[in-house]
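Asker: Numbering (my numbering), first residue to last: 744 to 1226.
Attaching a single structure in structure tokens format; questions to follow.
Here you go:
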């Protein structure tokens, strides 16, 4: 009885020592490696291309949520609503984000002990030549039910840095998902407005085909009356058929855009038909804001910044390898040669104690890993700053495009009016026999070319508006990142 009490006292003494060791380690624990400080980026006070161009007043709600509703296009709204649901590129990015979140869970699991339970029935037979010359063979059967607990104590912060790296990488993946969504949404909007511009082109060409058909009939009547030569008839016929061919070519381009839209919303091209409607109106005014706000509004900038933070944490992981690893291990269970006595008190066994290991020589492995981590940090830092510069460039490019295209549209509209008046003058002169039909054809061709140019400029303005929204982040905010 006295022996059992002493045995219990030894057991409690061992547990107290282990608990004391854990408490002391917790007190002296630290996190090695540099603490993350968000890197700076060169930001100007304002956008250069805004000079001389009146923009909309800043409005936080304008670019929030479904930004495409700014264009007042019901068909576009219906198409955009299907992107998040069916687009396979977005589905792929969303799966990558879930994978990154799972890696965070995997990293955090190192905070906790690992517990394993097993059951074994090993059979053994002793040698008959090493038991004092005896020829008696002994067979033994053991029943073992061990429970092992192992816990690596994060004294120097290796696990904490690993969790930090995984968490910031998951945030980068969330920003990547937002970038993919914005990219697909803007591609859909671009294709939609280009399709509408083609609808306007087709409508214009079809109207001109009707007019040119009337001109051909007029020329044929005058030829029959002997007023004009057959060359005038052939010229009128050539102009008519050339315009018909242009209208057919527009149909090819439109069909391809319709197929592209179907793929963007995750549908087979055969399932999607977009009704024809000519592009009209002007693109909406878009609030640009300050350049400093761009760092908080673009998901690709947020992604690269989070990757810098992840790389910074990996430096701590690499530096923690220079310090000892402290592991608290314990084992217990039952061990008996008889299954009926396996769970009895005498069959119990236990062991507990800390282990400290330190690598004293690795041939430069840790130094190489640390240098690699620092180089990766520098590379991600450069990528972040380059992404910021690219973001500013894209905003400036599309502000300039909108401003210049607005001026070009005004000039082109005047050119269209002049061309239409020229057609009317030459047509009247032709009917009066003052000029030949070639002058009419030249005037009609110039008018058609200018009208098509006006439609192209209008489409380019809508395209620039969509790209400016994308360059501004599409209403995304850094606060949208998961914590």
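Every residue gets a Cβ at the ideal spot worked out from N, C-alpha and C, and that includes glycine.
Predicted, not measured: the structure shown is a model, and the values here were computed from it.
Grab the span of the beta strand (DSSP E) containing residue 895 for me, first residue to last.
Answerer: Counting along the chain, the beta strand (DSSP E) containing residue 895 begins and ends at 886-896.
Asker: Inspect the beta-carbon positions of residue 1069 and residue 1221 and report whether they are closer than 9 Å.
Answerer: Contact flag unset, no.
Asker: Can you tell which of 1149, 1156, 1109, 1046 has the C-alpha that lies nearest to the C-alpha of residue 1124?
Answerer: Among 1149, 1156, 1109, 1046, the Cα nearest to that of residue 1124 is on 1046.
Asker: Does residue 928 pass the burial test, meaning 16 or more other C-beta atoms within 10 Å, or should it be called exposed?
Answerer: With 16 or more Cβ atoms within 10 Å of its Cβ, residue 928 is classed as buried.
Asker: Rounded to whole angstroms, what is the Cα-Cα separation between residue 973 and residue 933?
Answerer: Residue 973 and residue 933: Cα-Cα distance of roughly 46 Å.
Asker: Quick one: give me the first and last residue of the alpha helix (DSSP H) that residue 794 is part of.
Answerer: Run containing residue 794: none; DSSP gives neither H nor E here.
Asker: Where DSSP assigns a beta bridge to residue 846, which residues make up the other side?
Answerer: According to DSSP, residue 846 bridges with nothing at all.
Asker: Going by the DSSP bridge assignment, what does residue 866 pair with across the sheet?
Answerer: Residue 866 is bridged to 884.
Asker: For residue 936 versus residue 1206, is the C-beta distance shorter than 9 Å?
Answerer: Contact flag set, yes.
Asker: My understanding is that residue 948 touches residue 993, with C-beta atoms under 8 Å, so please give their C-beta distance in whole angstroms.
Answerer: Contact holds; Cβ gap of about 7 Å.
Asker: Does the Cβ-Cβ distance between residue 1044 and residue 1130 come in under 9 Å?
Answerer: Result yes, Cβ atoms of residue 1044 and residue 1130 sit closer than 9 Å.
Asker: With DSSP as the reference, please indicate the residues paired to residue 1071 in a beta bridge.
Answerer: Residue 1071 is bridged to 894, 1097.
Asker: Helix or strand or just coil, what does DSSP make of residue 1078?
Answerer: Residue 1078: strand per DSSP, three-state reduction.
Asker: Look up residue 1133 in the DSSP assignment and say whether it is helix, strand or coil.
Answerer: If DSSP states are grouped into helix, strand and coil, residue 1133 belongs with the helices.
Asker: Using a 10 Å radius around the Cβ and a threshold of 16 neighbouring Cβ atoms, would you call residue 955 buried or exposed?
Answerer: Result: buried.
Asker: Roughly how many whole angstroms lie between the Cα atoms of residue 1033 and residue 781?
Answerer: Their Cα atoms are separated by approximately 20 Å.
Asker: Sort 838, 852, 912 by Cα distance to residue 1224 and report the nearest one.
Answerer: Comparing Cα positions, the closest option is 912.
Asker: State buried or exposed for residue 970, treating a residue as buried only when at least 16 other CB atoms are found within 10 Å of its CB.
Answerer: Result: exposed.
Asker: Which same chain residues end up closer than 7 Å to residue 1139 when comparing Cβ atoms and leaving out the 5 residues on each side of it in sequence?
Answerer: For residue 1139, where only same-chain residues beyond five positions count, the Cβ hits under 7 Å are 790, 791, 792.
Asker: So what does DSSP say about residue 1192, is it helix, strand or coil?
Answerer: Of the three classes helix, strand and coil, the one that applies to residue 1192 here is helix, per DSSP.
Asker: Go ahead and pull the three-state DSSP assignment for residue 1103.
Answerer: Reduced to three states, the DSSP call for residue 1103 is coil.
Asker: Please tell me whether residue 1217 and residue 810 are closer than 9 Å, where the distance is taken between their beta carbons.
Answerer: For residue 1217 and residue 810, yes; Cβs fall inside 9 Å.
Asker: According to the Cβ coordinates, are residue 1112 and residue 1054 closer than 9 Å?
Answerer: Result no, Cβ atoms of residue 1112 and residue 1054 do not sit closer than 9 Å.
Asker: Tell me where the beta strand (DSSP E) around residue 857 begins and ends.
Answerer: Here the beta strand (DSSP E) through residue 857 covers 857-860.
Asker: Roughly how many angstroms lie between the CA atoms of residue 1155 and residue 946, to the nearest whole one?
Answerer: Spanning the two alpha carbons is a distance of roughly 19 Å.
Asker: Assuming residue 915 and residue 1050 are in contact, meaning their beta carbons sit under 8 Å apart, how far apart are those beta carbons, in whole angstroms?
Answerer: Sure, about 5 Å apart at Cβ, within 8 Å.
Asker: To the nearest whole angstrom, what separates the beta carbons of residue 1026 and residue 1204, a pair I think is in contact under 8 Å?
Answerer: With 8 Å as the limit, residue 1026 and residue 1204 qualify as a contact, their Cβ atoms being about 5 Å apart.
Asker: How would you write the range of the alpha helix (DSSP H) that residue 935 sits in, first residue to last?
Answerer: Residue 935 -> alpha helix (DSSP H) spans 901-967.
Asker: Can you tell me whether DSSP reads residue 1091 as helix, strand or coil?
Answerer: Residue 1091: strand per DSSP, three-state reduction.
Asker: Rounded to whole angstroms, what is the Cα-Cα separation between residue 859 and residue 837?
Answerer: Rounded to the nearest angstrom, the two C-alpha atoms are 34 Å apart.
Asker: Quick one: residues in its chain with C-beta nearer than 8 Å to the C-beta of residue 774, no 5 flanking neighbours on either side, listed in chain order?
Answerer: Only 899, 900, 903, 904, 1059 meet the Cβ criterion.
Asker: Count the other CB atoms within 10 Å of the CB of residue 975; is the residue buried (16 or more) or exposed (fewer)?
Answerer: With 16 or more Cβ atoms within 10 Å of its Cβ, residue 975 is classed as buried.
Asker: State the start and end residues of the unbroken alpha helix (DSSP H) segment that holds residue 787.
Answerer: No alpha helix (DSSP H) holds residue 787; DSSP gives it neither H nor E.
Asker: What distance in whole Å lies between the Cβ atoms of residue 1152 and residue 1190, which are believed to be in contact at a cut-off of 8 Å?
Answerer: With a Cβ gap of about 17 Å, residue 1190 and residue 1152 do not count as contacting.
Asker: Going by C-alpha distance, which of 997, 959, 1031 is nearest residue 1184?
Answerer: Residue 1184 has its Cα closest to that of 959, out of 997, 959, 1031.
Asker: Would you identify the three-state DSSP class for residue 1169, choosing helix, strand or coil?
Answerer: Of the three classes helix, strand and coil, the one that applies to residue 1169 here is helix, per DSSP.
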